[in-house]
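I have placed the structure first, in the form of structure tokens, so that the comments after it can refer back to it.
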Amino acid sequence: MKPAPFEYQAPATLREAVDLLASDPEAMVIAGGQSLMPLLALRLATPSLLIDLRRVPGLDAIAIDDSGIRLGARVRWRDIEDDRRLETAHPLLRETIAQVAHYQIRNRGTVGGSLAHADPAAELPGIAVTCDAELTLVGVAGTRMVRAGDFFTGPLTTVRQHDEIITELHLPFWPSGRRWAFREFAQRRGDFSLAGIALFYGEDQEGRVANAHVGVIGACDRPQRLMEVEALLNGRFIDEGLIREAAETSARTVDPPEDLHVPAAYRRALVATLIERGLRSAAQHRSA
Amino acid sequence: MQVNFKLNGTPVVVDVEPRMHLADCLRDELRQTGTHLGCEHGACGACTVIVDGAAVRACLMLAVQVEGSSIVTVEGLSTEEALTPLQTAFRKHHALQCGFCTPGMLTTAHALLTDEPDADGDRIRAVLSGNLCRCTGYIPIVDAVLDARAAYRKSDKR
Amino acid sequence: MIGTNRYIGSPVERIEDLRFLRGRGEFVGDLKSQGMLHAAILRSPIAHGRIRGLDSAAARAIPGVRDVIAAAEIGAVPTIPLRLLPLPGTERFLQPVIATGRLRYVGEPIAVVLADSAALAEDGVGALILDLEELPPVADRRASGRHEILLFEESGTNLAMTFTGVLGDAEAAFRDAPYVRRECFEVQRHTALPMEPRGLLAEWDSTQQRMTVLGAAKVPFFNRDTLAAMLGLAPASVDLIENDVGGGFGARGEFYPEDFLIPFAARHVGRPVRWLEDRREHLTAMNHARQADCEVEIACRRDGTILGMRGEIFVDLGAYVRTNGLIQPRTLAQCFSGPYRVPNLHMVVRALLTNKTPSGTYRGPGRYEASFFCERLIELAAVDLGLDSAEMRRRNLIGAAEMPYKLARLEPGGAAVDTECDSGDYGEVLERCLAEFAWEEKRTLQGRLIDGRYHGIAVACFIEGAGAGPKEAARLELEPDGTVAVYVGSAAVGQGLETVMAQVASDTLGMPIDLVRVFHGSTPYLNEGYGAFASRSTVLGGSAVYEGAKSLLEKIRGAAAARLGGPPDDIELVDGRARTRDGRSLSFADLAADGLRVDAMFQNNNKLTYTYGSAVAHVAVDLGTGQVEVLDFLVVEDVGRIVNPLTLHGQAIGGVVQGLGGAFMENLVYDANGQLLTGTLADYLIPTASDFPRIRAIALENHPSPSNPLGVKGAGEGPIIPVGGLMANAVGNALASFGAMPNQLPLSPARVWRMGAEAPMENLGKNARAEPVSDAAGPGRSQIRR
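Protein chains in written order, with my numbering: chain L, 27 to 314; chain S, 876 to 1033; chain H, 1102 to 1887.
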């Protein structure tokens, strides 16, 4: 299982990297390589040129301000886990990323790589979509911003143009007092989940749900929000009845793929379970 | 392409094809065969090495990406004279049978305990869940790592 | 025992560990040879078809690609003989070492590319152009049994072999039984998956006309003879060298196509050739195992006494009958009833060919499957008859007074292959197991809903027929430095053979263990050897070493007597010295000059040893996800005599966890076209460190084996055997209120979820009860005559 031959370049600037990428339609970008390397080994990806972002400056910072959180494309899962500021600045992100893959993968896997790879069961794309995050892409034509909800178009496919490199993910400001949960289920720890959900909401003066966001991964062809569930929750008090209703709505509205040993009906039921458990736990815990 | 890095404290220079992953580079070019290959697609953890202090899968990294890095392999954990406390604990608890996954277990556990000498059983199991073993059922491995923690705590308090 | 050593029975830390822990093991992939070429193999991308053409021009044009070898280059293509059970008729279904036109499974070797590096060899494989004619595949055993599409037209059938196990008169027993129940069960296809993929390094010495193959495992002597015959060489001109081996579990080390192709390639090009199997090809090239389904019946008295079992079992064998491919169906027929007294048994097992990877043995072959079928039947009967699971088993275990107890007569085979449980008290381990587990207390948990999960417990009993014959060889030599070199025909596959053999030798010789050096598994050491299968190494190899050590002591005494004077009987051997009564002595090193060496052969007349045990488990089932957590798992076994409690415990825990993999997650899934869908370790799931952290094992040595001088019984496979049935019964008991019927493995989350999903949501948990159900038989399947 050796990769097919390719050329390798590690440019020193983003401009150079973009130009290299634009110059070769068979070129690919590598950062942590934790998704790309298996594809190379299996020869499912056979680029002519690999452009390594390791020397490109300015891609590895986690910046936190009033507008939210900026994650550089080369920020690793471990960096997010180790950043104590995120305990309050974005507890949902921190908790979710702690569940990505395994220890060794978390030491190499990056924000940009996960977004670009766009696995339907990947955690970060799920958080990006659920939180209405924005991606920054830089290409020969310049820089553009794309909403996460528009970025993913299907399994392993996105709107990224060939010459574009993801440089940053911007997650909107996380106000204190939000209620939130992340739940995913895989038979083994660290595997891509059979389904996962991320959710958060605020509360109005009386304690009714406001601004509910509910996202799902793994049980659909790309991460997506469950708008019907959000609408159901907004303006209501969370109680067991509403939780059950939300769970049933999620099972009805999610559209899982059918596959030989994981029937769609199971994934639907699993989403309902996770929504139910997520809402129940969110109702009990509030972020600082 | 020429790559310079430090291997177990010694500077090395190798000339490799870009497509060569780090594990092949260590095994075939540098003849450090303690790093094993069990899957070559990032699923088994047998090839785990420590790059700049972090445990990584050497099959999921290209050799050309380690330019300027410092790498520790299982060979770098050992001394000629005696087994380390971690290795001693593995032997005492019978935490290895065929020995094939063992180098990856040792490097992973070493990296973990260096950073987190107080890791509890759950944490150890979670971290080691990235390393497959087919012989032991893992229980003695976890016991060995738990047992070795004391040695890492001591060296931390220097 | 001579001397004062007590190595046997002590937790001696392993000799092997010192190199493995330092990264100094020598696995075949660690070895290189001057001028070596690397091989990669083009394998069939289709399940069934014909090769119309193979164009290698583009591959040969790649700089660094040195040669391409296909059937045409080989000429007369040999087939791989059966190592075990070479029954008449099977010769029709043997695998050719390379596809000769017909393709019968995805992964079948078509061509070997030799190049300067492994990457270049793979480039070459990618550049080979195949012209294929696709044939409709035989995707499963049902299609196979219709015999409409044949894998071997000339044979006129897809039925590779039928075995029948017979005891008493099952028909009569069922005719008169007050209770009978019939059920269908199914075990999925899975595989041994050693962590080190296979590998070979072959060197041809054209001057000496000698072939040396590194990377041998398990049965190097048989494979040496097989390879020599295929290459037209005398066995003495072929050496198979065993290096460190990264796990075997029954699958690794059998003679596979590559075991011919790589040595052939080395001779063909006149250069050393190394092939290292990658994990993707491993999953289609290495033996698969276990796939079987059945329709079986149990007949009982109202008090639970089993009167008989009968039925039909179908084995999905894959595309060819491989070296040991008939062991699983054989064992299913002969050993279906495990440790239970089933006086009337009639079990027909049909092994059917399909367009999938051929199957072979995997730890507890046939026994894991049989135990699942049999334990499910017994559990269902217990439920129907209102008996406690433990009591049901207690009543039916073979009794100590019944030993030796003859198992079913096998056809074909007859009296020549009869086997019997050798010794022991099966009830004793059951009671110990139940007591340690606090069965009576835990029974109150049965079916209860606690914190959102349903709890279930179960018990199962097993026997492990092991230590298969016919014999094993050992040679011991006194070395000039006073050490003893022990050569043994057994093979090491990671189980700690060196340490165990050294324990036996040093205790018997009365020498410190570090003065004994063990050599094993390579053909140059001995003239013959039999290897590591059927948990036989300690039993046969250990006994051979023991006999050899005793003989060596006699020789040492004789030599010392000759030099020191006096009768040999007056010579005392202590701590590496031979001493006369009057205190004159010689060291073993002094005596080595006399060339003291013995060859020993231990024969067991094909009498198997039967380790036996019981296992209990407590599980919690989350119906929201379908996940089953194993809260407690305890296995108690009596192994006759414990040589090394550390390595024995390792075998037990490791075996249980492998069994749990088979029970819950491992599954080689094929689609209708015969394509393997679980072809990487991201899809073929084996247990990880966080899955099953609570396993306990206790070993007893109350009843030694009567058939060898050490009293040991083979003990590498026992604890895996009951795991499938135990888990299914625990889950079934947890979900009894849903009428759950866990009759298929694996108990995947989706499958477990479905068992609960069929009940309406509002009923969840309402019918959970503390006591076993007495009337919850499946619709129309059971029959209690009034």
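The beta carbon of each residue, even a glycine, is placed where N, CA and C say it ideally should be.
| task | Go ahead and pull the three-state DSSP assignment for residue 1872/H. | result | Legend: pLDDT at residue 1872/H = 32, less than 50; position of this residue unreliable, no value from coordinates given.
| field | Residue of 262/L, 301/L, 245/L, 270/L minimising C-alpha distance to residue 220/L | value | Per the Cα distances, 245/L.
| Any residues in the region 1716 to 1736 of chain H with a beta carbon nearer than 8 Å to a beta carbon of chain L? Which ones, in chain order? | 1725, 1726, 1727, 1728
| said: So, with DSSP's three-state summary, where would you put residue 1809/H? | reply: coil
| chain H contact for residue 134/L (CB, 7 Å cutoff) | No, no contact with chain H.
| request: Determine, using beta-carbon pairs with one atom in the region 1179 to 1197 of chain H and one in the region 1220 to 1237 of chain H, whether at least three such pairs fall under 8 Å. | output: no
| said: Checking 7 Å against the spacing of the C-beta atoms, do residue 1646/H and residue 1699/H come in under that value? | reply: no
| query | Based on Cα-Cα distance, which residue from 1119/H, 1843/H, 1773/H lies nearest to residue 1286/H? | reply | 1843/H
| said: Can you look up residue 975/S in the DSSP assignment and give me helix, strand or coil? | reply: coil
| said: Between 1840/H, 1748/H, 1783/H, 1655/H, which has its C-alpha nearest residue 916/S's C-alpha? | reply: Minimum Cα-Cα distance from residue 916/S among the listed residues 1840/H, 1748/H, 1783/H, 1655/H corresponds to 1783/H.
| task | From the DSSP output, in three-state form, read off residue 1540/H for me. | result | helix
| Is the beta carbon of residue 1809/H sitting closer than 7 Å to the one on residue 1644/H? | Between residue 1809/H and residue 1644/H, the gap from beta carbon to beta carbon is short of 7 Å.
| query | Taking Cβ-Cβ distances shorter than 8 Å, what residues in chain L pair up with residue 1854/H? | reply | 292, 295, 296
| When the cut-off is 7 Å and only beta carbons count, does residue 828/S lie next to chain H? | Lying before the first or after the last residue shown, residue 828/S is absent from chain S, which here runs from 876 to 1033.
| task | Taking residue 1745/H and residue 1600/H to be in contact with their CB atoms under 8 Å, please state how far apart those CB atoms are, rounded to whole angstroms. | result | Rounded to the nearest angstrom, the Cβ distance from residue 1745/H to residue 1600/H is 6 Å, consistent with a contact under 8 Å.
| Are the beta-carbon atoms of residue 1172/H and residue 1275/H separated by less than 7 Å? | no
| request: Drop a sphere of 10 angstroms on the beta-carbon of residue 1029/S, count the other beta-carbons inside from all chains shown, and report buried for 16 or more, exposed for fewer. | output: Exposed is the label assigned to residue 1029/S, since fewer than 16 other Cβ atoms lie within 10 Å of its Cβ.
| query | Where in the region 1823 to 1849 of chain H do unbroken runs of the alpha helix (DSSP H), each at least 4 residues long, occur, reported from the N-terminal end onward? | reply | 1824 to 1835
| Nearest candidate by alpha-carbon position, reference residue 248/L, set 34/L, 286/L, 155/L | 155/L
| query | By the criterion of Cβ-Cβ separation under 7 Å, what are the contact partners of residue 1794/H in chain L? | reply | Within 7 Å Cβ-Cβ: nothing; residue 1794/H doesn't reach chain L, min ~11 Å.
| Who are the Cβ neighbours of residue 1340/H in its own chain at under 6 Å, not counting the five residues just before and after it? | 1313, 1624, 1625
| message | Taking 7 Å as the threshold (beta carbon to beta carbon), is residue 1012/S in contact with chain H? | response | The beta-carbon of residue 1012/S is placed less than 7 Å from the nearest beta-carbon of chain H.
| said: If the cut-off is 8 Å on Cβ atoms, which residues from the region 60 to 78 of chain L count as contacting chain H, listed in chain order? | reply: 64, 68, 69
| field | Residues in the region 1364 to 1388 of chain H having any Cβ partner in chain L nearer than 9 Å | value | 1379, 1380, 1381, 1382
| message | Helix, strand or coil for residue 1863/H? Go by DSSP, reduced to three states. | response | Only weak support exists for where residue 1863/H lies, its pLDDT of 41 falling under 50; the coordinates are left without a value.
| Taking any Cβ of chain L, which residues in the region 1209 to 1237 of chain H have a Cβ under 9 Å from it, in chain order? | Per Cβ criterion, the list reads 1218, 1219, 1220, 1221, 1222, 1223, 1224, 1227.
| Mind checking if residue 27/L is an interface residue toward chain S, Cβ cutoff 7 Å exclusive? | yes
| What residues of chain H sit near residue 289/L, judged by a beta carbon separation below 9 Å? | 1851, 1855
| query | Closest to residue 1820/H by CA distance: which of 1604/H, 1833/H, 1567/H is it? | reply | 1567/H
| Excluding sequence positions up to five away, which residues of its chain have a Cβ less than 8 Å from the Cβ of residue 258/L? | So the qualifying residues of the chain are 268, 271, 272, 275.
| Close Cβ partners of residue 349/L (< 7 Å) along its chain, the five nearest in sequence each way excluded | The shown model of chain L, from 27 to 314, leaves out residue 349/L, and the question about it has no answer.
| field | Under the three-state DSSP convention, the category residue 1106/H falls into | value | In the three-state DSSP reduction, residue 1106/H falls in the coil class, being neither helix nor strand.
| query | Interface residues of chain H around residue 299/L at Cβ under 7 Å? | reply | 1725, 1726
| task | Consult DSSP for residue 1791/H and reduce its assignment to one of helix, strand or coil. | result | coil
| Should residue 1382/H go down as buried or exposed, given a rule of 16 or more other Cβ atoms within 10 Å for buried? | Around the Cβ of residue 1382/H, a 10 Å sphere holds 16 or more other Cβ atoms; the residue is buried.
| Applying the criterion that 16 or more other CB atoms from any shown protein chain within 10 Å of the CB defines a buried residue, is residue 1571/H buried or exposed? | exposed
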